[in-house]
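Asks: Numbering (this note's numbering), first residue to last: 1 to 166.
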């Protein structure tokens, strides 16, 4: 089963440093990193900078469509107004079918704010106690949504179709 996790840090550079920890944990075979993205939000900016980690390749990578839609729902819809918000609402409904619900979106939106950063990870085969031990003391806050294998496959199908029609 894959897990979508969001590690929130109280400073813009925290997510980048945490990515180094995650890559080390993967080398130690304490987790499998399927895909990842970093959000940095300097305190003086109105919106965050988002970046998919393009080094992720193979069957596990979700692709830019997934990250673009998720970040749009999280950070940009409130800025775009009602018309675009309604269209994104319909897409958000389809994301709830794959395990990303309104509660998750609301919680991330409330916690990832100017002056913070976040590391978004899609992982599997995690040795949870070892990974959590590595993040203790970093002042990271974890928000997570577990995706079943079926939900993950459905998510991949949704974004594969979207990519083909674009």
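All C-beta atoms, glycine included, are put in the ideal place defined by N, C-alpha and C.
Taking the alpha carbon of residue 103 as the reference point, which residue from 113, 139, 143 has its own alpha carbon closest?
Replies: Ranking the options by Cα distance to residue 103, first place goes to 143.
Asks: Given a cut-off of 9 Å on the beta-carbon distance, is the pair residue 112 and residue 41 in contact?
Replies: It is a contact, given that the beta carbons lie within the stated cut-off.
Asks: Are the beta-carbon atoms belonging to residue 124 and residue 8 less than 9 Å from one another?
Replies: Contact flag unset, no.
Asks: DSSP on residue 46, reduced to helix/strand/coil?
Replies: Coil, per DSSP.
Asks: Can you tell which of 70, 2, 75, 135 has its C-alpha closest to the C-alpha of residue 24?
Replies: Closest by alpha carbon: 135.
Asks: Just the Cα atoms here: how many angstroms apart are residue 66 and residue 137?
Replies: Rounded to whole angstroms, residue 66 to residue 137 spans 31 Å at the Cα level.
Asks: Suppose the cutoff is 6 Å on Cβ atoms and the five residues either side in sequence are ignored; what does the same chain contact list for residue 6 look like?
Replies: Only 108, 118, 120, 143 meet the Cβ criterion.
Asks: Under DSSP, the beta strand (DSSP E) around residue 9 begins and ends at which residues?
Replies: 2 to 9 is the span of the beta strand (DSSP E), which, as asked, contains residue 9.
Asks: With burial defined as no fewer than 16 other Cβ atoms inside 10 Å of the residue's Cβ, what is the status of residue 114: buried or exposed?
Replies: So residue 114 counts as exposed.
Asks: Could you check which residue in 2, 52, 34 has the C-alpha nearest to that of residue 16?
Replies: Selected option, being the one with the closest Cα: 52.
Asks: Where are the alpha helix (DSSP H) runs, 4 residues long or more, that stay fully inside the stretch 101 to 142, in chain order?
Replies: Listed in chain order, the complete alpha helix (DSSP H) runs (minimum 4 residues) inside the stretch 101 to 142 are 102 to 111, 128 to 135.
Asks: Out of curiosity, what's the CA-to-CA distance linking residue 32 and residue 45?
Replies: Answer to the nearest angstrom: the Cα atoms are 33 Å apart.
Asks: Any heavy atom of the ligand GDP closer than 8 Å to the beta-carbon of residue 4?
Replies: For the structure depicted, the ligand GDP is absent and the ligand set is empty, with no information on it obtainable.
Asks: Taking C-alpha atoms, which residue in 22, 11, 74 lies nearest to residue 139?
Replies: Residue 11 is the option with its Cα nearest to residue 139.
Asks: For the alpha helix (DSSP H) holding residue 23, just list the boundary residues, first then last.
Replies: 14 to 27 is the span of the alpha helix (DSSP H), which, as asked, contains residue 23.
Asks: Do residue 30 and residue 106 come within 9 Å of each other at the CB atom, strictly closer than that value?
Replies: No, the pair does not count as a contact, with Cβ atoms beyond the cut-off.
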